[in-house]
Amino acid sequence: ASRGPPLADKVVRVCTALREAMTQSNENQDFYLQPILSTYVRAGHVGEAISLADSDQALSYLALLIDTDKLYEEALGVYNLEKALKIAGKSLKDPKEYVPYLTKLQQMDPAYMRFTIDKRLRKPQSALRNLVQCKDRTEECIQYVKSSGLYTLALDLFKDQPEEYKQICLLYGDHLLNKQLYEEAGLMYQRGGDIDKAITALTRAGSLLQCLTLAAKQNFSEEALLELHLALLSALLNQEKHFEAAELHSLMGKHEEAVTCLVEGRLWSRAIFLCHQHKQPQLVESLVKPVLLESQNRSLMDIRAKVADMEKYSARLLVVREQQANPDKNFDALSDIQSDTSSLSSFSTSSAGTRSTKNTRKAQRKLWSLKEGNPREEQALLYTITELIQNTERLTSDVRTTCLALAELGLDTEAGTLHSAMTAALEKIQQIRHSVWPGSTVKKTGSDADAIDPTLTDMQLKFPPASCISATWRLNIYS
Numbered sequence: 001a002s003r004g005p006p007l008a009d010k011v012v013r014v015c016t017a018l019r020e021a022m023t024q025s026n027e028n029q030d031f032y033l034q035p036i037l038s039t040y041v042r043a044g045h046v047g048e049a050i051s052l053a054d055s056d057q058a059l060s061y062l063a064l065l066i067d068t069d070k071l072y073e074e075a076l077g078v079y080n081l082e083k084a085l086k087i088a089g090k091s092l093k094d095p096k097e098y099v100p101y102l103t104k105l106q107q108m109d110p111a112y113m114r115f116t117i118d119k120r121l122r123k124p125q126s127a128l129r130n131l132v133q134c135k136d137r138t139e140e141c142i143q144y145v146k147s148s149g150l151y152t153l154a155l156d157l158f159k160d161q162p163e164e165y166k167q168i169c170l171l172y173g174d175h176l177l178n179k180q181l182y183e184e185a186g187l188m189y190q191r192g193g194d195i196d197k198a199i200t201a202l203t204r205a206g207s208l209l210q211c212l213t214l215a216a217k218q219n220f221s222e223e224a225l226l227e228l229h230l231a232l233l234s235a236l237l238n239q240e241k242h243f244e245a246a247e248l249h250s251l252m253g254k255h256e257e258a259v260t261c262l263v264e265g266r267l268w269s270r271a272i273f274l275c276h277q278h279k280q281p282q283l284v285e286s287l288v289k290p291v292l293l294e295s296q297n298r299s300l301m302d303i304r305a306k307v308a309d310m311e312k313y314s315a316r317l318l319v320v321r322e323q324q325a326n327p328d329k330n331f332d333a334l335s336d337i338q339s340d341t342s343s344l345s346s347f348s349t350s351s352a353g354t355r356s357t358k359n360t361r362k363a364q365r366k367l368w369s370l371k372e373g374n375p376r377e378e379q380a381l382l383y384t385i386t387e388l389i390q391n392t393e394r395l396t397s398d399v400r401t402t403c404l405a406l407a408e409l410g411l412d413t414e415a416g417t418l419h420s421a422m423t424a425a426l427e428k429i430q431q432i433r434h435s436v437w438p439g440s441t442v443k444k445t446g447s448d449a450d451a452i453d454p455t456l457t458d459m460q461l462k463f464p465p466a467s468c469i470s471a472t473w474r475l476n477i478y479s
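Using the UniProt record's numbering, read the sequence shown as starting at 1 and increasing by one per residue.
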């Protein structure tokens, strides 16, 4: 059932209804002035109350409802200097504290006066909107944008002033660059007209096409273009963008290097295509095939090692559970140890307040130790088995890609061996799921969000991990 609007909303609605009833009454409005002021204050609309309180008596009434210092700030907030002066006079403030300030405000241009007040009251967006209206204070406005970080608002406010707009873009570009948001920084630098900075930022982002587009627009010399290519290659390889790096090598006419990049990125089919596209089929034998076979062998060993570990740890888990079901004479001692370590659980927040972070992490590692006899050995085994299962299942996508590439080169024996090993591993995983988590089922397909996490709770470990198997990994020709 609906719980209705929050209490604050109800208060506002009641105050509004009462105020409307009183303002529509035939009685003299002064008769209801104080209750009306109360409805504004109670609803949090103090500014409206101040605007309505024209008499000294009304202001005195508001001073009874609200602390005079706060009321003074609220009066400034609605830019009513006259009422701010009257309210300050009702407070314990020394006139030397506020009279010079209010006098100075009164002498200012109205827009700059509002900016000054907004800045004091920490209303940066309103302050910027008012400062923009001061045409003779552009430089101060630019600096305020920088200090307040209101770049997107400033871009909107200066959209019809090209020079100021460009200045804001360049400042925003610097800001984004410092936050390592290189692609966005490059865009801002472009809008600000600094193409060199734009290219530098986009190079660091590894934005190949954007960089080359700007270079073409600027009619780069061959020397400058080569320098850009080398910088881009370094950035792309550092970010493991092998496809883009290969594309750049191809543009530079370095086809062997392009194939090597694709092979390093395990982009087998693309590498084979490139060899034939440039009429260099011998590169398949010299550059692609050896690395592909090495990758097949490495994947095979990895799968078998993971399966062996799963078998070992699941067998040990059965022993541990058997021991727990049939405790021996050391059970009482074990219980004492478990009691002592329970307060060290990695999910406990109380221990964090009494130990250093370093000691807490050390204790957490001990809790997940696979050492036989560890009081939390069952949880540690479950954690490790879960991790092994998900890491093995994630290999399915890569296995499919590798098998297809092997098949393309006629290496059916190697492809079949790898495919069979993956199939056998998944079958073994199913057996282990049933033995480790009897009666439980996997309800969803995993993703990066489902990755094993060292902070898994004991309750989560009572259920099998989400499946991470690629839905289309299996190849009928090797099944």
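Even glycine gets a Cβ: it sits at the ideal position worked out from N, Cα and C.
Nearest to residue 93 (by Cα), restricted to the options 82, 68, 127, 76
Residue mapping note: residue 93 aligns to position 93 of the sequence shown, counting from 1. If we check each option's Cα against that of residue 93, 68 comes out closest.
If the criterion is Cβ atoms closer than 7 Å, does the pair residue 21 and residue 37 meet it?
Walking along the sequence shown from the start, residue 21 turns up at place 21. Walking along the sequence shown from the start, residue 37 turns up at place 37. Against a cut-off of 7 Å, the Cβ pair of residue 37 and residue 21 comes out as no contact.
Helix or strand or just coil, what does DSSP make of residue 467?
Walking along the sequence shown from the start, residue 467 turns up at place 467. Residue 467: strand per DSSP, three-state reduction.
Considering only residues of the segment 77-163, which uninterrupted alpha helix (DSSP H) runs meet the minimum length of 4 residues and lie entirely inside it, listed in chain order?
Counting whole runs of 4 or more residues, the segment 77-163 contains the alpha helix (DSSP H) stretches 81-89, 95-106, 110-120, 124-132, 138-148, 151-157.
Does DSSP put residue 203 in a helix, in a strand, or in coil?
Locating residue 203 in the sequence shown gives position 203, where the first residue counts as 1. Of the three classes helix, strand and coil, the one that applies to residue 203 here is helix, per DSSP.
On the DSSP letters alone, give me the boundaries of the alpha helix (DSSP H) that residue 401 sits inside.
The count along the sequence shown starts at 1 and reaches residue 401 at position 401. Per DSSP, residue 401 belongs to the alpha helix (DSSP H) from 395-408.
Keeping to the same chain, check which residues put their C-beta closer than 8 Å to that of residue 340; ignore five residues upstream and five downstream.
Residue mapping note: residue 340 aligns to position 340 of the sequence shown, counting from 1. The predicted model places residue 340 with a pLDDT of 46, which falls under 50 and marks its position as unreliable, so this point remains unresolved.
Three-state secondary structure (DSSP) at residue 74?
If you number the sequence shown from 1, residue 74 lands on position 74. Here residue 74 sits in helix by DSSP.
Measuring straight from C-alpha to C-alpha, what distance separates residue 111 and residue 117?
Along the sequence shown, read from residue 1 onward, the residue named residue 111 stands at position 111. Along the sequence shown, read from residue 1 onward, the residue named residue 117 stands at position 117. One C-alpha to the other measures close to 10 Å.
Can you tell which of 157, 399, 463 has its C-alpha closest to the C-alpha of residue 474?
Walking along the sequence shown from the start, residue 474 turns up at place 474. For residue 474, the nearest C-alpha among the options comes from 399.
Enclosing alpha helix (DSSP H) for residue 480 [first to last residue]:
As shown, the chain starts at 1 and ends at 479. That puts residue 480 outside it, with no answer to give.
In three-state DSSP terms, what is residue 480?
With the chain covering only 1 through 479, there is no way to say anything about residue 480.
Thinking residue 289 and residue 409 are a contact (beta carbons under 8 Å), I'd like their distance in whole angstroms, please.
The residue given as residue 289 occupies position 289 in the sequence shown. The residue given as residue 409 occupies position 409 in the sequence shown. About 6 Å separates the CB atoms of residue 289 and residue 409; that is less than 8 Å, so the two are in contact.
What three-state label does DSSP hand residue 411 in the structure shown?
In the sequence shown, residue 411 corresponds to position 411, counting from 1. Per DSSP, reduced to three states, the secondary structure at residue 411 is coil, with no helix or strand assignment.
Residue 493 and residue 185 closer than 7 Å at C-beta:
In this structure the chain extends from 1 to 479, so residue 493 is not present and cannot be described.
Evaluate contact between the segment 368-387 and the segment 314-324, counting only Cβ atoms and requiring at least three cross-stretch pairs below 8 Å.
Note that the segment 368-387 touches the segment 314-324; at least 3 beta-carbon pairs, one per stretch, sit closer than 8 Å.
Going by other Cβ atoms of all chains shown within 10 Å of its Cβ, with 16 needed for buried, is residue 31 buried or exposed?
The residue you call residue 31 lines up with position 31 of the sequence shown. Classification for residue 31: exposed.
Taking the Cβ atom as the reference point for each residue, do residue 72 and residue 114 lie within a distance shorter than 7 Å?
Start at 1 with the first residue of the sequence shown, and residue 72 comes out as number 72. Start at 1 with the first residue of the sequence shown, and residue 114 comes out as number 114. With contacts defined as CB atoms closer than 7 Å, residue 72 and residue 114 fail to qualify as a contacting pair.
DSSP state of residue 180 mapped onto helix, strand, coil
Walking along the sequence shown from the start, residue 180 turns up at place 180. DSSP places residue 180 in coil when its eight states are reduced to three.
Note down, in chain order, each residue of its chain lying with its Cβ closer than 8 Å to the Cβ of residue 18, except the 5 sequence neighbours on either side.
For the purposes of this step, residue 18 is taken as residue 18 along the sequence shown, with counting starting at 1. Answer for residue 18: 35, 39, listed in chain order.
Three-state secondary structure (DSSP) of residue 13
To locate residue 13, count along the sequence shown from 1; it is residue 13. Reduced to three states, the DSSP call for residue 13 is helix.
Tell me whether the beta-carbon of residue 407 lies closer than 7 Å to the beta-carbon of residue 292.
Residue 407 sits at position 407 when you count from the first residue of the sequence shown. Residue 292 sits at position 292 when you count from the first residue of the sequence shown. No, Cβ-Cβ distance for residue 407 and residue 292 is not below 7 Å.
Under 7 Å between the Cβ atoms of residue 204 and residue 189?
The count along the sequence shown starts at 1 and reaches residue 204 at position 204. The count along the sequence shown starts at 1 and reaches residue 189 at position 189. Not in contact: residue 204 and residue 189 (Cβ atoms no closer than 7 Å).
Straight-line gap, residue 138 to residue 169 (C-alpha atoms, nearest Å):
Numbered from its first residue, the sequence shown carries residue 138 at position 138. Numbered from its first residue, the sequence shown carries residue 169 at position 169. Straight across, the Cα-Cα distance linking residue 138 with residue 169 is about 15 Å.
C-beta contact flag for residue 47 and residue 82 at 7 Å:
Here residue 47 corresponds to residue number 47 of the sequence shown, with the count starting at 1. Here residue 82 corresponds to residue number 82 of the sequence shown, with the count starting at 1. No, these two residues do not count as a Cβ contact at 7 Å.
Helix, strand or coil: which one does DSSP assign to residue 337?
Position 337 of the sequence shown, counting from 1, holds the residue named residue 337. Residue placement at residue 337 cannot be trusted, given a pLDDT of 44 that sits under 50; the coordinates are not used to answer.
Taking the alpha carbon of residue 208 as the point to measure from, which residue in 129, 244, 176, 413 has its own alpha carbon closest?
Sequence index remark: in the sequence shown, residue 208 carries index 208 (1-based). Among 129, 244, 176, 413, the Cα nearest to that of residue 208 belongs to 244.
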